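Numbering (our numbering), first residue to last: 369 to 495. Read the structure below first, then the notes.
Written out as structure tokens, the structure is:
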């Protein structure tokens with residue numbers, strides 16, 4: 369296994385690696401909607417938080433020489449599921465071509481680090 373910490377990416381909120389790679393699969397730790405420049409400071413609303421999380425994931429993937437096209441599955445966690453599900457879906461969908469949507473699970477949770485509205489983790493596969 370390889371344990372990856374990506375230089376310049378957001379600082380982990382707990383003791384974990386940005387990603388772990390084994391047998392061609394890359395497991396990317398759930399990302400929060402903050403930024404490396406402002407840890408713990410979150411944008412307002414689910415749309416902006418979804419975009420921020422996706423940008424953080426893209427940064428980590430780039431550091432691994434991967435891209436969104438390598439995502440096999442994403443898992444999305446929402447603290448306000450009923451309120452935010454539709455708007456999150458619209459923002460999330462904008463990152464992928466219509467014919468290349470990863471498998472996905474989306475669940476409602478009672479809380480996330482930094483009181484974020486969303487967190488997303490990934491399973492990717494190297495070509």
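Virtual Cβ for every residue (Gly too), placed ideally from N, Cα, C. Being a predicted model, the structure only gives us computed values, none of them experimental.
Assigned secondary structure, residue i (DSSP; H/G/I helix, E/B strand, else coil)
i: residue 496; result: Residue 496 falls outside the range modelled here, since the chain spans only 369 to 495, and no answer is possible.
i: residue 488; result: strand
i: residue 388; result: strand
N- and C-terminal bounds of the beta strand (DSSP E) containing residue i
i: residue 406; result: That residue, residue 406, is in no beta strand (DSSP E); it is neither H nor E in DSSP.
i: residue 397; result: 393-399
Of the residues the options, the one placed nearest residue i, counting alpha carbons only
i: residue 490; options: 396, 463, 476, 459; result: 396
i: residue 456; options: 374, 385, 472, 419; result: 419
i: residue 417; options: 471, 438, 447; result: 447
i: residue 414; options: 374, 434, 451; result: 451
i: residue 390; options: 468, 369, 373, 424; result: 369
i: residue 474; options: 460, 467, 468; result: 460
Rounded distance between the beta-carbons of residue j and residue i, thought under 8 Å
i: residue 410; j: residue 484; result: 6 Å
i: residue 337; j: residue 480; result: With the chain represented from 369 up to 495, any question about residue 337 goes unanswered, as that position is not in the structure.
i: residue 486; j: residue 440; result: Residue 486 to residue 440, Cβ: 20 Å. No contact.
i: residue 464; j: residue 436; result: 6 Å
i: residue 376; j: residue 404; result: 6 Å
i: residue 438; j: residue 493; result: 6 Å
i: residue 408; j: residue 482; result: 5 Å
Which full runs of the beta strand (DSSP E) of 3+ residues lie inside the segment 422-481, going along the chain? 439-446, 471-476
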